[in-house]
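The number in my numbering is simply the position in the sequence shown, starting from 1, with 3 added.
Note that CB positions come from ideal geometry on N, CA and C, so glycine has one too.
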Amino acid sequence: MQPEPAPSAALRLGIDREALADNWRLMDRLSGSQAKAGAAVKADAYGLGARVAVSVLAQAGCKDFFVAHWGEVSDLLDLVPPASISVLHGPLNAADVAYARATGVRAVINSPHQARLWRDGGGGLCDVMVDTGMSRLGLGLEALGDEAVRALDIDVLLSHLACADEDSPHNARQLALWQQARARLPHRRASLANSAGIVLGGAYLGDLTRPGLALYGGVPREELAGQIRQVARPQAAIIQIRQLNEGDTVGYNATFTAPRAMRVGVIALGYADGYLRCWSDKGAMLAGDRVLPVLGRVSMDMSAIDLAAAPEIAEGDWVEAQYSLPQAAAASGLSQYELLTLLGRRFDR
Ligand SMILES: *Cc1c(COP(=O)(O)O)cnc(C)c1O
4 MQPEPAPSAA LRLGIDREAL ADNWRLMDRL SGSQAKAGAA VKADAYGLGA
54 RVAVSVLAQA GCKDFFVAHW GEVSDLLDLV PPASISVLHG PLNAADVAYA
104 RATGVRAVIN SPHQARLWRD GGGGLCDVMV DTGMSRLGLG LEALGDEAVR
154 ALDIDVLLSH LACADEDSPH NARQLALWQQ ARARLPHRRA SLANSAGIVL
204 GGAYLGDLTR PGLALYGGVP REELAGQIRQ VARPQAAIIQ IRQLNEGDTV
254 GYNATFTAPR AMRVGVIALG YADGYLRCWS DKGAMLAGDR VLPVLGRVSM
304 DMSAIDLAAA PEIAEGDWVE AQYSLPQAAA ASGLSQYELL TLLGRRFDR
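Structure (structure tokens):
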């Protein structure tokens, strides 16, 4: 049988693998000589594609990978040793414990209940999260005396900073509580810092850091400006070119009116792809270093752009969204995290 011809994708998410590896090496270097950098690869590596990210990061030397859900594990099992994968949400029930033991991935234990599930399922080496001031996942310090918790064989003792991207007194408070937890629960390695926490340096670094955002091109603190390379490059094909007359309007609700005759491109990128309506009359595509502003409302599957700066562009050509994360966050009001994780499934990754 002849294979069916493949249809073309009109959206692709360029992933700069060199930049991803460089960003990890920078985070690893900034983690100092005592600490090693791991990587948060949850949520499909912040939407970029966990398989590609984990392959690149493992090649660069990363040995610890953090996902949130158990369902995120199977995609990675043929890429890295199972014991290098840690599941942040911890076991919800006995089936999760059985899955962890069968595959060899590490469960993060977050509560006395999870500690008992883990023990009752056979136990073994695990990670433990302590809550030091985020009131999200993790054992409170009062739970460290729990007998099921005390019986755990702990590899990484984790906590997570709520305000590492700010100069907040919260950081030192969390550091002190994490150090108390370290003194009370035997463990092999200790880990506190996310991307922003790595910049805090010193005692925040522990034995293992867990950058996510900075690996993927985000700049969580000013100190890193100019050092992090852009990784994700959303690109769209021009599916139609049209000539507007002065006075013609563009898109839903006719928010843009052509002030003169204009050459306009329609791209296959819309809010269903995560290019949200906040970019209406505000975002831009790039053709090399030339800027092609978005005209009118972003639709579900399309947007219109001004081609004045790139007269050579033809139907079927590609443009790239202006998507340097710190600038895009400032322009859109979205967080750098959201800008990455909302990129949709129609992108060819
Ligand atoms: C997401 C996450 C990280 C990574 O945080 P960034 O701010 O993206 O560097 C680290 N640790 C935990 C527990 C996380 O949930």
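Does the distance from the C-beta atom of Glu318 to that of Gln238 stay below 8 Å? Here residue 318 refers to the residue found at position 315 when the sequence shown is read from its first residue. Here residue 238 refers to the residue found at position 235 when the sequence shown is read from its first residue. For Glu318 and Gln238, no; Cβs fall outside 8 Å.
Using the rule of at least 16 other Cβ atoms within 10 Å of the residue's Cβ for burial, across every protein chain shown, is Leu95 buried or exposed? Locating residue 95 in the sequence shown gives position 92, where the first residue counts as 1. Looking at its Cβ environment, which holds fewer than 16 other Cβ atoms inside 10 Å, Leu95 is exposed.
Taking 7 Å as the cut-off, is the CB of Arg185 close to at least one heavy atom of ligand 1? The residue given as residue 185 occupies position 182 in the sequence shown. Flag unset: Cβ of Arg185 not near ligand 1.
Is it right to say Asn256 is buried, meaning 16 or more other beta carbons lie within 10 angstroms of its own, or is it exposed? Taking the sequence shown and counting its residues from 1, one reaches residue 256 at position 253. Exposed, because fewer than 16 other Cβ atoms sit within 10 Å of the Cβ of Asn256.
To the nearest angstrom, report how far apart Gly221 and Ala101 are at their CA atoms. In the sequence shown, the residue the question calls residue 221 occupies position 218. In the sequence shown, the residue the question calls residue 101 occupies position 98. Computed Cα separation, rounded: 36 Å.
Should Val83 and Lys45 be called a contact, given that it needs their Cβ atoms to be closer than 8 Å? If you number the sequence shown from 1, residue 83 lands on position 80. If you number the sequence shown from 1, residue 45 lands on position 42. Against a cut-off of 8 Å, the Cβ pair of Lys45 and Val83 comes out as no contact.
Buried or exposed for Arg153, going by 16 or more other Cβ atoms inside 10 Å? In the sequence shown, counting from the first residue as 1, residue 153 sits at position 150. Classification of Arg153: exposed, given that the 10 Å Cβ count is below 16.
Boundaries of the beta strand (DSSP E) in which Met137 is found, first to last residue: Within the sequence shown, residue 137 is the residue found at index 134, counting from 1. First-last for Met137: undefined, no H or E at that position.
The alpha helix (DSSP H) enclosing Met30, as first and last residue numbers: In the sequence shown, residue 30 corresponds to position 27, counting from 1. Residues Arg20 to Leu33.
Name the two residues that bound the continuous beta strand (DSSP E) containing Trp321. Residue 321 sits at position 318 when you count from the first residue of the sequence shown. Taken as a continuous stretch (DSSP letters only), the beta strand (DSSP E) holding Trp321 covers Trp321 to Ala324.
Beta-carbon within less than 6 Å of Val253's beta-carbon, same chain only, minus the 5 sequence neighbours each way: which residues are those? Walking along the sequence shown from the start, residue 253 turns up at place 250. Excluding sequence neighbours, Val253 sits near Phe259, Leu298, Gly299 and Ala307.
Which residues in the same chain have their Cβ closer than 7 Å to the Cβ of Gln117, if we skip the five residues on either side of it in sequence? To locate residue 117, count along the sequence shown from 1; it is residue 114. Cβ within range, chain order: Gly93 and Pro94.
Quick check: what's the CA-CA separation for Ser138 versus Met132? Counted from its first residue, the sequence shown places residue 138 at position 135. Counted from its first residue, the sequence shown places residue 132 at position 129. About 12 Å.
Residue burial classification, Cys65 (beta-carbon count within 10 angstroms, cutoff 16): If you number the sequence shown from 1, residue 65 lands on position 62. The residue is buried, with at least 16 neighbouring Cβ atoms inside 10 Å.
Could you pull out every unbroken beta strand (DSSP E) segment of at least 3 residues lying fully inside the segment 88-163, listed in chain order? 88-90, 109-112, 128-132 and 156-161
Hey, could you find the ends of the beta strand (DSSP E) Arg300 is sitting in? For this step, residue 300 is matched to residue 297 along the sequence shown. From DSSP, Arg300 is part of no beta strand (DSSP E); its letter is neither H nor E.
Once DSSP output is grouped into helix, strand and coil, what is the label at Ala238? Position 235 of the sequence shown holds residue 238. Looking at the sequence shown, residue 238 is not Ala but Gln. Strand at Gln238.
Enumerate in chain order the residues of its own chain whose CB-to-CB distance from Ala22 is below 6 Å, with the five nearest sequence positions on each side excluded. As a first step, residue 22 must be located in the sequence shown, where it is residue number 19. Counting only Cβ-Cβ distances below 6 Å, and skipping sequence neighbours, we find Arg232 and Val234.
Which residues are close to ligand 1, meaning CB closer than 5 Å to any heavy atom, in chain order? Ala43, His163, Asn197, Ser198, Arg213, Pro214, Gly215 and Leu216
Taking 6 Å as the limit between beta carbons, can you name the residues of its chain near Val269, skipping five residues before and five after? In the sequence shown, the residue the question calls residue 269 occupies position 266. These residues qualify, in order along the chain: Ile242, Gln243, Met305 and Ala307.
So, with DSSP's three-state summary, where would you put Ala45? Here the question's residue 45 lines up with position 42 in the sequence shown. Just to set this straight, residue 45 is Lys in the shown sequence, not Ala. If DSSP states are grouped into helix, strand and coil, Lys45 belongs with the helices.
Sequence-distant residues of the same chain with beta carbon closer than 8 Å to Leu279, five excluded per side: Along the sequence shown, read from residue 1 onward, the residue named residue 279 stands at position 276. Closer than 8 Å at the Cβ level, and outside the excluded window around Leu279, lie Val301, Ser335, Leu337 and Leu345.
Starting from Ser194 and walking both ways along the beta strand (DSSP E), at which residues does that stretch end? In the sequence shown, the residue the question calls residue 194 occupies position 191. Where Ser194 is concerned, the enclosing beta strand (DSSP E) stretches over Arg192 to Ser194.
Are the segment 26-40 and the segment 186-201 in contact at 8 Å, needing three or more beta carbon pairs? yes
Are the beta-carbon atoms of Pro115 and Ala146 separated by less than 8 Å? Numbered from its first residue, the sequence shown carries residue 115 at position 112. Numbered from its first residue, the sequence shown carries residue 146 at position 143. Closer than 8 Å, so yes.
Residues bridged to Ile270 [DSSP beta-bridge criterion]: The count along the sequence shown starts at 1 and reaches residue 270 at position 267. BP columns for Ile270 point to Ile241 and Ser306.
Under the three-state DSSP convention, the category Val83 falls into: Within the sequence shown, residue 83 is the residue found at index 80, counting from 1. Three-state result, Val83: coil.
Quick check: what's the CA-CA separation for Ser327 versus Ala165? Start at 1 with the first residue of the sequence shown, and residue 327 comes out as number 324. Start at 1 with the first residue of the sequence shown, and residue 165 comes out as number 162. In a straight line, the C-alpha of Ser327 is about 24 Å away from that of Ala165.
Can you tell me which residues form a DSSP beta bridge with Ala290? Counted from its first residue, the sequence shown places residue 290 at position 287. According to DSSP, which records beta bridges pairwise, Ala290 is partnered with Arg293.
Which term fits Leu80, buried or exposed, when burial requires 16 or more other beta carbons within 10 angstroms of its beta carbon? Your numbering for residue 80 matches position 77 in the sequence shown. So Leu80 ends up on the exposed side.
Of the choices Ala105, Arg348, Gly141 and Leu142, whose alpha-carbon is the least far from that of Gly124? Taking the first residue of the sequence shown as position 1, residue 124 is located at position 121. It is Ala105.
Assuming contact is defined by CB atoms lying nearer than 8 Å, are Arg185 and Ala193 in contact in what I supplied? For the purposes of this step, residue 185 is taken as residue 182 along the sequence shown, with counting starting at 1. For the purposes of this step, residue 193 is taken as residue 190 along the sequence shown, with counting starting at 1. Result yes, Cβ atoms of Arg185 and Ala193 sit closer than 8 Å.
7 Å Cβ shell around Met265 - same chain, five flanking residues per side excluded: In the sequence shown, residue 265 corresponds to position 262, counting from 1. Cβ neighbours of Met265 beyond the five flanking positions: Leu247, Asp309 and Ala311.
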